[in-house]
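Worksheet: one structure, shown below.
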């Protein structure tokens with residue numbers, strides 16, 4: 002009896018050796034290593050795997066050793082860290098008229114104070130904040146500043162933001178009135194809670 006053992010990477014099983022059989026995950030990096038003779042499911046949670054039957058115990062060990070050398074290649078890809086696009090956001094603001102520049106720069110600074118770790122990007126053509134997912138957009142128009150996406154209808158802030166809602170639920174703040182920056186920040190906090198949890 003040759004016994005069995007399994008090699009794990011990042012707490013995930015990569016391959017299993019049992020007697021003279023090697024069970025290997027179907028990874029592009031190891032497809033060229035050998036030809037499978039069948040597909041099987043050697044352990045709980047396994048989906049598609051190659052099964053390679055080897056009569057020679059020494060060869061089985063050699064195959065296992067070489068597969069172990071492929072672990073670095075076969076490791077799951079790390080999640081990409083989203084990069085900031087501050088330059089694009091600044092360019093967006095610089096292309097606005099002077100009044101809009103003042104409003105948008107002030108709003109941007111307030112948001113940076115509250116969300117120092119949020120990633121700033123130009124998304125759908127307007128400034129936005131990401132916390133893994135996008136949660137807040139703000140844009141300048143001729144007569145108003147708009148923020149979106151909308152909060153859920155039953156949100157505790159619903160009454161407070163009702164005067165600013167358009168028919169889609171997005172918020173519009175007329176420039177002829179005082180821009181309620183504190184309320185906008187409050188909404189941004191609520192949106193992050195809604196869209197990133």
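In the working numbering, the protein residues as written are 2 to 198. Positions of the beta carbon are idealized from the N, C-alpha and C atoms, including for glycine.
{"Query": "Residue burial classification, residue 164 (beta-carbon count within 10 angstroms, cutoff 16)", "Result": "exposed"}
{"Query": "beta-carbon residue 92 near the ligand MG non-hydrogen atom, thresh 7 Å", "Result": "Questions concerning the ligand MG fall outside what the structure shown contains, since it holds no ligand whatsoever."}
{"Query": "Assumed close pair residue 174, residue 145 - CB separation to whole angstroms, cut-off 8 Å", "Result": "6 Å"}
{"Query": "Whole-angstrom C-beta distance between residue 137 and residue 189, which should lie under 8 Å", "Result": "5 Å"}
{"Query": "Check whether residue 98 and residue 197 have beta carbons under 8 Å apart", "Result": "no"}
{"Query": "When 195, 124, 185 are compared against residue 109, the one with the closest alpha-carbon", "Result": "185"}
{"Query": "In chain order, each beta strand (DSSP E) run of at least 3 residues that lies wholly inside the region 152-193", "Result": "172-175"}
{"Query": "Test item: CB-CB of residue 151 and residue 170 under 8 Å", "Result": "yes"}
{"Query": "Within 8 Å, strictly: CB atoms of residue 135 and residue 90", "Result": "no"}
{"Query": "For residue 196, the three-state DSSP class (helix, strand or coil)", "Result": "helix"}
{"Query": "Closest Cα partner of residue 194 within the set 183, 162, 161, 153", "Result": "153"}
{"Query": "Segment limits, beta strand (DSSP E) that includes residue 139", "Result": "134-141"}
{"Query": "Member of 104, 149, 87, 162 whose CA lies at the smallest distance from the CA of residue 177", "Result": "104"}
{"Query": "Among 167, 148, 179, nearest to residue 187 - alpha-carbon criterion", "Result": "148"}
{"Query": "Residue 201 versus residue 86: straight-line alpha-carbon distance, rounded", "Result": "Lying outside 2 to 198, the shown extent of the chain, residue 201 is not represented and no answer is given."}
{"Query": "Where residue 123 sits in the DSSP three-state scheme", "Result": "strand"}
{"Query": "Of the listed residues 192, 101, 181, nearest to residue 1 (C-alpha basis)", "Result": "Coverage of the chain is limited to positions 2 through 198, which leaves residue 1 absent and any answer about it impossible."}
{"Query": "Helix, strand or coil at residue 130 according to DSSP, with G and I counted as helix", "Result": "strand"}
{"Query": "Where residue 155 falls, given that 16 or more other Cβ within 10 Å makes a residue buried", "Result": "exposed"}
{"Query": "Beta-carbon proximity list for residue 46, same chain, < 7 Å, skipping 5 on both sides", "Result": "Interpretation of residue 46 is limited by its pLDDT of 41, a score under 50 that renders its predicted location unreliable; the figure taken from the coordinates is listed afterwards. Nothing listed; no residue qualifies."}
{"Query": "Paired residues, beta bridge with residue 145 - DSSP", "Result": "175"}
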